[in-house]
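Beneath this line is the structure, given in structure tokens, with notes to follow.
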Amino acid sequence: MSIHEIAVKYASYLAHELENDRRQELRMAYGLEILLGEIVKQFVIILSSWLLGVFPEVFTMSMAAGFLRLASGGEHCSEYYRCLVGGTIWFLLLGGGIHYIYPHLNTMGIYSIISISLMIALVIIMKYAPAETENKPITSEKELVKLRRLSVVITLVFGLVMIAWATTDFLRFLILPLAAGMLEQVFTITPWGYNFIHFIDRVLDFDKWSNKIHGSEGTNS
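To convert, count from 1 in the sequence shown and add 4; that's this note's numbering.
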């Protein structure tokens, strides 16, 4: 049984017990799937990043993206394993790049990253957040405004955290991962982010590739 099926099953049970409507059931299923999926994904990401020596960068980035996603929404792959594989590879690549780039940054570069990433994130959030998905529809203007404001607040808190970290030698190296996680998440709520994730979804559709291979073998035989 997949994580999606587990979430749908328990959401259906909870909705029945609480006498909730279909909309609330879908939202509970979405929330449960995100929670269960994040637990598994974080375990895989933590283990992989630790083995590759980029744990602090990758963990900070994934936590920032996941926390902002709760308010801003965003597209995801149609199957959980595709999100797991694609997300893990993506975060590890970003973490490796950040691990390499950080030693070459000076103070001016760090503050430039803070200001530019904040500006980009806020512009995208004001234009596109919160992003709807099939399992998380936005049903009222009040809800839309609430989630958008929450997304802005989270982003501003991230900005304050980055500024605070910039004053300490011990935590300064985590500024770039936090900025990258924030930007990675807001990218997923843009039309370009939707297109990119749909592309990854197709690339990681192993059933499709398997059918093509078997079909080709059948034709050759």
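Built from N, CA and C at the ideal position, the CB exists for glycine as well.
Checklist entry - Okay, do the stretch 86-94 and the stretch 163-171 touch, 3+ Cβ pairs below 8 Å being the bar? => result no
Item to check | Beta-carbon spacing of residue 33, residue 151 below 8 Å | outcome: Along the sequence shown, read from residue 1 onward, the residue named residue 33 stands at position 29. Along the sequence shown, read from residue 1 onward, the residue named residue 151 stands at position 147. Taking 8 Å as the cut-off, the Cβ atoms of residue 33 and residue 151 do not count as close.
Checklist entry - For residue 77, which beta-bridge partners are listed by DSSP? => result Here residue 77 refers to the residue found at position 73 of the sequence shown. Answer by DSSP bridge pairing, in chain order: 135.
Item to check | Rounded separation between residue 135 and residue 35 - CA only | outcome: The residue given as residue 135 occupies position 131 in the sequence shown. The residue given as residue 35 occupies position 31 in the sequence shown. Their backbone Cα atoms lie some 15 Å apart in a straight line.
Item to check | For residue 6, the nearest candidate out of 103, 53, 82, 104 (CA to CA) | outcome: Indexing the sequence shown from 1 puts residue 6 at position 2. Looking at the Cα atoms, 82 is the closest of the given residues.
Checklist entry - Which residue from 27, 78, 105 puts its Cα closest to that of residue 226? => result Coverage of the chain is limited to positions 5 through 225, which leaves residue 226 absent and any answer about it impossible.
Next on the checklist: Would residue 183 and residue 117 be called neighbours here (beta carbons separated by less than 8 Å)?
Outcome noted: Position 179 of the sequence shown, counting from 1, holds the residue named residue 183. Position 113 of the sequence shown, counting from 1, holds the residue named residue 117. Closer than 8 Å, so yes.
Checklist entry - Roughly how many whole angstroms lie between the Cα atoms of residue 195 and residue 42? => result Here residue 195 refers to the residue found at position 191 of the sequence shown. Here residue 42 refers to the residue found at position 38 of the sequence shown. Distance between the alpha carbons of residue 195 and residue 42 is about 24 Å.
Checklist entry - Could you give the distance in angstroms between the alpha-carbon of residue 23 and the alpha-carbon of residue 31? => result Locating residue 23 in the sequence shown gives position 19, where the first residue counts as 1. Locating residue 31 in the sequence shown gives position 27, where the first residue counts as 1. Going by the C-alpha atoms only, they are around 14 Å apart.
Checklist entry - With 16 other CB atoms within 10 Å as the buried threshold, where does residue 44 fall? => result By one-based count along the sequence shown, residue 44 stands at place 40. Looking at its Cβ environment, which holds fewer than 16 other Cβ atoms inside 10 Å, residue 44 is exposed.
Checklist entry - Taking C-alpha atoms, which residue in 84, 161, 106 lies nearest to residue 176? => result In the sequence shown, the residue the question calls residue 176 occupies position 172. Ranking the options by Cα distance to residue 176, first place goes to 106.
Next on the checklist: Give the list of continuous beta strand (DSSP E) stretches no shorter than 3 residues that lie fully inside the stretch 26-109.
Outcome noted: none
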